[in-house]
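Numbered according to my numbering, the sequence shown terminates at residue 873, and the numbering increases by one at each position without gaps. Built from N, CA and C at the ideal position, the CB exists for glycine as well.
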Amino acid sequence: MSELNTPAAYERLLALPAMTTWTAARQQEHAADAAAYEAALAAVQAGLRSQHVEGDGRWSAVLRSRKVEKHLRAMAKASRKQAAAAEALRTTYASHVSHVAALPGQREAKRQAKELRKNGGRQALAAETAKALHKSASASAGAPASLGHAPAEEVTAPAPARGVNDLWKRGA
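Listed below in structure tokens is the structure:
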């Protein structure tokens, strides 16, 4: 008996077919228990409700019977709940197994997406830097060497004022 309750005895449940078989057996046991409790409830209910004591009111036997019946009802309810829990265990474990099997692929896809974003960002930054350097190199090549900026004839007139705030900022 003690050999059945060792961790090694339950390690076999880590295989999905074994877990499915084991939970199905537990469901059957709990369903059979619930059926037995419901049959016992029917027998007790019929027997206790038919007991009539001199001086009883109309519902006295029923009320006395319900005090006993509630415990059988609770047992039947608990067995149905345990059968449902066994099914939930099986479906949750099956979901867990498929999730764990998919994790390496998901992690690899995530790593590749991160690497692509990282390399794409580096390439975009390198392209922008090259473009800016090219513009500054071409602009400095056409300018006189002593000034280091564009000739005066290329300077345009100031933009017209666009509102009161713009006039205020310009000091007009």
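Indicate whether residue i and residue j have their beta-carbon atoms separated by less than 9 Å.
i	j	result
Gln-752	Arg-765	yes
Val-798	Leu-717	yes
Leu-742	Ala-762	no
His-731	Ala-789	no
Ala-795	Thr-721	yes
Does the beta carbon of residue i sit closer than 9 Å to a beta carbon anywhere in chain B?
i	result
Ala-736	The structure shown contains no chain B; it holds only a single protein chain.
By Cβ distance, which residues of its chain are closer than 6 Å to residue i, with the 5 residues on each side in sequence left out?
i	result
Arg-713	Ala-719
Ala-784	Gln-728, His-731 and Ala-732
Quick check on the burial criterion: 16 or more other C-beta atoms within 10 angstroms. Buried or exposed for residue i?
i	result
Ala-738	Reading off the sequence shown, one finds Tyr at residue 738, where the question assumed Ala. Result: buried.
Met-702	The pLDDT assigned to Met-702 is 45, lower than 50, so where the model puts this residue is not dependable; a value taken from the coordinates is nonetheless given after this. Classification of Met-702: exposed, given that the 10 Å Cβ count is below 16.
Ala-825	exposed
Arg-791	buried
Ala-777	buried
Thr-724	buried
Note the first and the last residue of the continuous alpha helix (DSSP H) segment covering residue i.
i	result
Gln-728	717–750
Leu-875	No answer is possible for residue 875: it lies beyond the span of the chain, which begins at 702 and ends at 873.
Ala-860	It is not in any alpha helix (DSSP H) - Ala-860 carries neither H nor E in the DSSP assignment.
Leaving out the 5 sequence neighbours to the left and right, which residues in its chain are closer than 7 Å to residue i when beta-carbon positions are compared?
i	result
Asp-734	Ser-780
Ala-726	none
Pro-861	none
Quick check on the DSSP output: what are the complete alpha helix (DSSP H) runs of length 4 or more inside the region 742–825, in order along the chain? Whole alpha helix (DSSP H) segments, 4+ residues: zero.
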